[in-house]
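Asks: Going letter by letter, the sequence shown gives residues 0 to 400 in numbering that gives the first Met the number 0. All C-beta atoms, glycine included, are put in the ideal place defined by N, C-alpha and C.
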Amino acid sequence: MSTFGRYVFRQVGGALLLILLSLGGIVWIALALRELNLITSQGQDALVFVIMTTLALPNLIAIIAPVALLIACIHTLNRLNGDSELIVLTASGATVWTVARPLLLLALLVSIAVSFVNHVGMPWSLQLLRDYVIQVRTDLISQVLQPGQFSSPERDLTVHIRDRTRDGELRGILLNDARDKDQTMAYLAERGILVKREDSAFLVMTDGHIVRQKNGDAPQIITFDSYTINLDRFEPQGLGGGVLKPRERYFSDLAWPSPEDAYYRQRPGEFRAEFHERLANPLYPFTFVLLTMAFIGQARSNRQSRVEALVLAFVVSALFRIGGFAANNLTVIHAWAVPLLYLMPLGGMALAFFLIRRNEVPRSGPSVTDRLMVLLAPIRALAASLAAVRNARALRRQGAR
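Given below as structure tokens:
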């Protein structure tokens with residue numbers, strides 16, 4: 000790699016790390032705020048809170064990393080253009096690929112990292128997160144809930160315990176579940192004990208009854224000597240369950256699922272979509288780098304055209320990624336949509352190669368990028384006119400005062 004290539008690699012790599020840490024921090028804070036009730040209402044300590052929110056982060060790293068690379072490339076190329084470094088490089092006879100080589104090398108590293116997260120990091124972290132979810136759910140009943148106090152682990156779910164013996168037996172259990180808008184279930188029992196089995200936790204109650212009331216109907220009372228509740232039913236949506244979901248499984252489990260797997264038989268589309276999404280996702284770093292080079296990889300002396308090219312590079316890249324998300328959802332329903340998952344990143348690369356090739360060939364007319372900006376001229380004019388009208392109204396209001 001040339002001296003200039005190493006210089007560009009360091010610049011983009013540093014920006015990538017900074018942006019990745021920033022985006023990762025924002026996502027972690029969002030996850031932390033969502034799970035804050037672990038401390039406020041479920042009595043867990045701060046360590047469990049930090050571990051659970053951190054384990055949920057790799058699930059989003061595969062999406063964040065290519066976007067961070069896109070922003071880093073746009074930022075660095077814009078700075079190189081603003082400092083006239085690209086102009087000097089072009090004047091010396093260098094091509095656009097002189098700048099593209101270090102960016103493509105960085106895209107390769109990001110792609111390898113995304114593949115590792117998809118196939119190893121994400122399944123491992125999500126499976127470990129399930130273990131903590133079971134621990135929290137178990138602690139909620141056996142340790143966290145204080146005798147004589149009403150607690151709500153989540154909305155419309157209330158639990159009360161009269162007493163708890165030294166051996167862990169629960170006395171005077173009341174569990175009211177009103178999360179279903181069509182009916183309310185209330186469980187009352189004299190005694191109960193918590194049992195762990197494999198990946199689930201169960202509450203075994205004795206000497207009690209169930210009160211079930213549907214909307215507008217009289218309540219139904221069922222008496223029982225022994226009744227077992229799977230506590231998976233009372234976890235927040237999306238936090239596990241007794242069966243591993245496709246995103247929680249390793250690549251081999253998606254490529255060769257067991258025909259006896261009940262979850263696979265019920266939802267084969269989710270396995271199909273997750274399998275191909277993990278293969279297609281590492282292609283996006285290359286797509287984003289090539290699209291960035293196509294729009295802002297050439298030297299520009301006009302500041303306005305640079306800004307328009309920056310916006311166009313980001314918008315086109317975002318459209319291809321959004322198309323990938325849409326193709327993933329469509330693949331869950333229809334098997335024929337599988338090629339669309341690969342068509343989105345590969346189509347972005349093809350468009351980028353076409354634009355780069357057209358911009359490299361000398362010609363008297365404007366470049367493809369310039370033509371796209373001409374097509375966007377009416378939209379820019381409309382936005383400018385709306386801004387002028389808004390400013391005029393503001394000035395009139397100030398004059399009236």
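Nearest-angstrom Cα distance between R129 and P284?
Replies: 30 Å
Asks: Classify I25: buried if its beta carbon has 16 or more other beta carbons within 10 angstroms, exposed otherwise.
Replies: Here I25 is exposed. Its C-beta has fewer than 16 other C-beta atoms within 10 Å.
Asks: According to DSSP, is S363 helix, strand or coil?
Replies: Confidence in S363 is poor, its pLDDT being 47 and thus under 50, which makes the residue's placement unreliable; the coordinate value appears in the next sentence. Residue state, collapsed to three classes: coil.
Asks: Does the ligand ATP have even one heavy atom less than 8 Å from the beta-carbon of D82?
Replies: Of ligands this structure carries none, so the ligand ATP is not represented either.
Asks: Apply the 10 Å Cβ neighbour rule to A349 and answer buried if 16 or more other Cβ atoms are within range, or exposed otherwise.
Replies: exposed
Asks: What number of angstroms, rounded off, separates the C-alpha of V109 from the C-alpha of M343?
Replies: 18 Å
Asks: For S363, which residues in the same chain have their Cβ closer than 6 Å to its Cβ, ignoring the five residues on either side in sequence?
Replies: For S363, the pLDDT reaches just 47, beneath the cut-off of 50, and the residue's location in the model is therefore unreliable, although a value from the coordinates is still provided. Hits under 6 Å: none found.
Asks: By the 10 Å Cβ neighbour count, where 16 or more other Cβ atoms means buried, how is V382 classified, buried or exposed?
Replies: First, the amino acid is wrong: residue 382 is Ala here, not Val. Classification of A382: exposed, given that the 10 Å Cβ count is below 16.
Asks: If you drop the 5 nearest sequence neighbours on each side, which residues of the same chain put their C-beta closer than 6 Å to that of F3?
Replies: The beta carbon of F3 sits closer than 6 Å to none of the beta carbons in its chain outside the five residues before and after it.
Asks: If Y263 sits next to S257, beta carbons under 8 Å apart, how far is it from one beta carbon to the other, in whole angstroms?
Replies: 7 Å
Asks: If you draw a straight line from the C-alpha of L79 to the C-alpha of L22, how long is it?
Replies: C-alpha separation (whole angstroms): 24 Å.
Asks: Relative to the C-alpha of L345, which candidate in E247, F319, R356, L309 has its C-alpha closest?
Replies: F319
Asks: Could you check which residue in D176, E259, L105, S316 has the C-alpha nearest to that of R9?
Replies: L105
Asks: Check for me: the alpha helix (DSSP H) holding N175 runs from which residue to which?
Replies: It is not in any alpha helix (DSSP H) - N175 instead sits in the beta strand (DSSP E) that spans 169-176.
Asks: Here's the rule: buried if 16 or more other CB atoms are within 10 angstroms of the residue's CB, otherwise exposed. What is G147?
Replies: exposed
Asks: Provide the residue(s) that pair with D425 in DSSP beta bridges, ordered along the chain.
Replies: Residue 425 lies beyond the stretch modelled for the chain, which goes from 0 to 400, so this question has no answer here.
Asks: State the Cα-Cα distance for the pair A188 and A71, rounded to the nearest angstrom.
Replies: 60 Å
Asks: Could you have a look at H333 and say whether DSSP puts it in helix, strand or coil?
Replies: Annotated three-state conformation of H333 is coil, per DSSP.
Asks: Counting C-beta neighbours from all protein chains within 10 Å, is the total for Q236 16 or more, i.e. buried, or is it exposed?
Replies: Because the pLDDT at Q236 is just 44, under 50, the model does not fix this residue reliably, and the value given afterwards should be weighed accordingly. It counts as exposed.
Asks: Terminal residues of the continuous beta strand (DSSP E) containing S225?
Replies: Boundaries of the beta strand (DSSP E) around S225: 219-229.
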